[in-house]
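Contents: one structure, followed by commentary.
Residue numbers (full-length UniProt numbering), protein chains in the order written: chain D, 1 to 214; chain R, 1 to 214.
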């Protein structure tokens, strides 16, 4: 029966680890990485601070994992939008729109993922994920060149222009100072729902890509 | 004569501080913020490590100042290019080109300023300087709308799209991994001189702005 015991322990450890991740995720979604302290995560999870260090070597390791989990979720949504049918230009536009819409609906987490000044170890994850987005866009641009919905161009460079344009243009609207002005009665930042904002950003991106005035 | 003595001391201190800044600047230009350690700065300046802390409270404070000095220099060059005569669209194009050209000529420093994962205090400076570039571009876009060289649009948002597109598209070409491949015989990273690279980035930016196929 020794094996079963071990399996049970393993499972309990996995559950505790997941619970810490869930609570850390919630903390970051509420106030960004800076306000998400280990003590806050521990108190939310109802465990001692020291217990967290049994599962994660350091605060930075925990937050790097939160960054990966949260960003991978967004990357998957973009990939999903790109995977549809139809000309690549339209799929790319839908993917960019989904990225921006989702960011504005969860502005604190989006700010944390896109622009919040973070520990260099988390920043290194950020650079890698920007490449993940660029890889997806590059593939779509190449498909667009093939199906004639996008003019011939350096798909790699254009994909990074897209990543930069959409991320940087969201930094202002998502930033804590800007959100402060839009907080609702409960003191929670409201989702930013300015449709013209997204339209403007998407227009810039699609014009940059296609050279077709919109 | 007490006043004169004090003045001399003040001047000597100023000189020592400038010397530290110069040496720290040179270290960052050689290997980025990560490789620029206080011991390396001190040894280059021919002083004891402790002496640096008489002038700067911390390593982060010193490097935040280097970041400000180096970035302000680039902001000034962009402002200079924008200040010329002629239609705003052409001046904006020249300014974007100057930004990219200068980055590719000093790739290690440019990588350190644009993308290197750094301490959050330095990262905060980075966010502020991105706003400084966006402010310059916004002004030029408004001038372009007025002189009919740029179509009517949200100048603020478009300016941030420009900042993001040009910075992000340079991250790959400037990154240490990429530079490693182009190191010359002396082991120094060579300036990246791919003109088509800059052309492609500028095309995307100007198309995004004007919707005119190039």
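Yeah, the Cβ is synthetic: ideal placement off N, Cα and C, and Gly gets one too. Keep in mind the model is a prediction, meaning the values are calculated, not measured.
(request) Please classify residue 194 of chain D: is it buried, with 16 or more other beta-carbons within 10 angstroms of its beta-carbon, or exposed? (result) Around the Cβ of residue 194 of chain D, a 10 Å sphere holds fewer than 16 other Cβ atoms; the residue is exposed.
(request) Could you run through the region 149-164 of chain R and flag, in chain order, every residue whose CB is less than 8 Å away from some CB of chain A? (result) Considering every chain present, this structure includes no chain A. Its protein chains are D and R.
(request) Decide yes or no for the touch test of the region 54-72 of chain R against the region 13-24 of chain R: beta carbon pairs closer than 8 Å, at least 3 of them. (result) Taking 8 Å as the limit for Cβ pairs, the verdict is that the region 13-24 of chain R does touch the region 54-72 of chain R.
(message) I want to verify the contact list: residues of chain R whose CB lies under 7 Å from the CB of residue 38 of chain D, in sequence order.
(response) Here the premise fails: no neighbours, minimum Cβ distance about 16 Å.
(message) Please report the distance separating the alpha-carbon of residue 32 of chain D from that of residue 159 of chain R.
(response) The C-alpha of residue 32 of chain D lies about 26 Å from the C-alpha of residue 159 of chain R.
(message) Does residue 125 of chain D pass the burial test, meaning 16 or more other C-beta atoms within 10 Å, or should it be called exposed?
(response) Counting other Cβ atoms within 10 Å of its Cβ, residue 125 of chain D reaches 16 or more and is therefore classed as buried.
(request) Grab me the residues of residue 153 of chain R's own chain with a C-beta within less than 8 Å of its C-beta, minus the 5 sequence neighbours each way, in chain order. (result) Cβ neighbours of residue 153 of chain R beyond the five flanking positions: 141, 145, 209.
(request) Return yes when the Cβ of residue 81 of chain D is within less than 8 Å of the Cβ of residue 94 of chain D, no when it is not. (result) Result yes, Cβ atoms of residue 94 of chain D and residue 81 of chain D sit closer than 8 Å.
(request) Identify which residue in D:85, D:161, D:38, D:120 has its Cα closest to the Cα of residue 134 of chain D. (result) Among D:85, D:161, D:38, D:120, the Cα nearest to that of residue 134 of chain D belongs to D:161.
(message) As an exercise, report each continuous alpha helix (DSSP H) stretch of at least 4 residues that is fully enclosed by the UniProt domain "HTH tetR-type" (14-74) of chain D, in chain order.
(response) The UniProt domain "HTH tetR-type" (14-74) of chain D contains these whole alpha helix (DSSP H) runs: 38-45, 49-55.
(request) Using three-state DSSP, classify residue 150 of chain R as helix, strand or coil. (result) In this structure, residue 150 of chain R counts as coil in the three-state DSSP scheme.
(request) Excluding the 5 residues preceding and the 5 following residue 204 of chain D in the sequence, name in chain order all residues of the same chain whose CB lies nearer than 7 Å to its CB. (result) Taking C-beta separations shorter than 7 Å and ignoring five residues to either side along the sequence, the partners of residue 204 of chain D in its chain run 165, following chain order.
(request) Within its chain, find whatever has a CB closer than 7 Å to the CB of residue 143 of chain D; leave out the 5 residues flanking it on each side and keep chain order. (result) Excluding residues up to 5 positions away in sequence, 88 lie with their Cβ nearer than 7 Å to the Cβ of residue 143 of chain D in the same chain.
(message) Out of D:200, D:118, D:207, D:131, which one is the CA nearest neighbour of residue 60 of chain D?
(response) Out of D:200, D:118, D:207, D:131, D:118 has the C-alpha closest to the C-alpha of residue 60 of chain D.
(message) Along the chain, where does the alpha helix (DSSP H) containing residue 214 of chain R start, and where does it finish?
(response) Run containing residue 214 of chain R: none; DSSP gives neither H nor E here.
(request) Grab me the residues of residue 86 of chain D's own chain with a C-beta within less than 8 Å of its C-beta, minus the 5 sequence neighbours each way, in chain order. (result) Counting only Cβ-Cβ distances below 8 Å, and skipping sequence neighbours, we find nothing.
(message) Less than 8 Å between CB atoms is the rule here; does residue 204 of chain D satisfy it with respect to chain R?
(response) So, interface residue.
(request) Kindly list, in the order they appear in chain D, the residues whose Cβ is closer than 7 Å to that of residue 201 of chain R. (result) Ordered by position in chain D, the residues that pass the 7 Å Cβ test against residue 201 of chain R are 157, 161.
(request) Determine the direct distance from the alpha carbon of residue 14 of chain R to that of residue 7 of chain R, and round the result to whole angstroms. (result) Roughly 10 Å between the two C-alpha positions.
(request) Residues of the region 165-178 of chain D with a CB closer than 9 Å to any CB of chain R: list them in chain order, please. (result) Residues of the region 165-178 of chain D with a Cβ closer than 9 Å to any Cβ of chain R, in chain order: 165, 166, 167, 168, 169, 170, 171, 172, 173, 175.
(message) If we define contact as Cβ-Cβ less than 8 Å, is residue 118 of chain R a contact residue for chain D?
(response) Interface residue, yes.
(request) Starting from the C-beta of residue 69 of chain D, find all residues in its chain whose C-beta is less than 8 Å away, skip the five residues before and the five after it, and write them out in chain order. (result) Closer than 8 Å at Cβ, skipping near neighbours: 21, 25.
(message) Please report the distance separating the alpha-carbon of residue 137 of chain R from that of residue 50 of chain R.
(response) Their Cα atoms are separated by approximately 42 Å.
(message) When you compare the CB positions of residue 212 of chain D and residue 97 of chain D, do they come within less than 8 Å of one another, or not?
(response) Going by C-beta atoms, residue 212 of chain D is not nearer than 8 Å to residue 97 of chain D.
(request) Could you pull out every residue in the same chain whose Cβ sits closer than 6 Å to the Cβ of residue 28 of chain R, ignoring the five residues on either side in sequence? (result) So the qualifying residues of the chain are 36, 66, 112.
(message) Quick check on residue 212 of chain D - is its C-beta less than 8 Å from some C-beta in chain R?
(response) Closer than 8 Å to some Cβ of chain R, the Cβ of residue 212 of chain D qualifies, so yes.
(message) Measuring straight from C-alpha to C-alpha, what distance separates residue 44 of chain R and residue 52 of chain R?
(response) Taking the straight line from one Cα to the other gives about 12 Å.
(message) Does any residue of chain R have a CB that is nearer than 8 Å to the CB of residue 130 of chain D?
(response) Under the Cβ distance rule, residue 130 of chain D counts among the residues neighbouring chain R, one pair being separated by less than 8 Å.
(request) Would you decide whether residue 73 of chain D is buried or exposed? Buried here means 16 or more other CB atoms lie within 10 Å of its CB. (result) Classification of residue 73 of chain D: exposed, given that the 10 Å Cβ count is below 16.
(request) Compare the Cα-Cα distances from residue 215 of chain D to each of D:155, D:122, D:38, D:128 and report the closest residue. (result) Residue 215 of chain D lies beyond the residue range present for chain D, which begins at 1 and ends at 214; the question has no answer from this structure.
(request) State the Cα-Cα distance for the pair residue 139 of chain D and residue 102 of chain D, rounded to the nearest angstrom. (result) Cα to Cα, residue 139 of chain D sits roughly 22 Å from residue 102 of chain D.
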